[in-house]
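Structure first, then comments.
Numbering (my numbering), first residue to last: 1231 to 1364.
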């Protein structure tokens, strides 16, 4: 950013020196128009036209980046909401798990356990469900 500022100041200084040294009147003809102004004025108008053209050319890119940023912010918000919902569900599942542990007199587990064989796990769960029924 500082390099850009230094370059802009150097270009502005060159433009001012050019303007001071070139005060002669010139005639510029463009299509059907004819302008009779100082060379400095014509030079400044050409610079202004260049700045305006570059700004118009950069507008589509700026609009595209703004739309992308808006979409990304919306996606982040959705993902944050989903994360919070998942955390709430996890906490509810932990509480439910603790309720079943106390009903079945199982020790509280602090670390995740290894996956178990599914048919054996189903038999164990069916046995626990039978114990829970009044």
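Glycine included, each C-beta is placed from N, C-alpha and C at the ideal position.
Proximity of residue i and residue j at Cβ, strictly below 8 Å
| i | j | result |
| --- | --- | --- |
| residue 1269 | residue 1257 | no |
| residue 1273 | residue 1296 | no |
Among the options, the one whose alpha carbon lies nearest that of residue i
| i | options | result |
| --- | --- | --- |
| residue 1259 | 1332, 1278 and 1267 | 1267 |
| residue 1244 | 1277, 1262, 1261 and 1232 | 1277 |
| residue 1251 | 1333, 1318, 1271 and 1332 | 1271 |
Residue span of the beta strand (DSSP E) that contains residue i, given as start and end
| i | result |
| --- | --- |
| residue 1247 | Note, residue 1247: premise wrong, no beta strand (DSSP E); alpha helix (DSSP H) at 1232–1251. |
| residue 1261 | Note, residue 1261: premise wrong, no beta strand (DSSP E); not H, not E. |
N- and C-terminal bounds of the alpha helix (DSSP H) containing residue i
| i | result |
| --- | --- |
| residue 1276 | 1269–1334 |
Near the ligand PLP: residue i beta-carbon under 7 Å from a heavy atom
| i | result |
| --- | --- |
| residue 1331 | Questions concerning the ligand PLP fall outside what the structure shown contains, since it holds no ligand whatsoever. |
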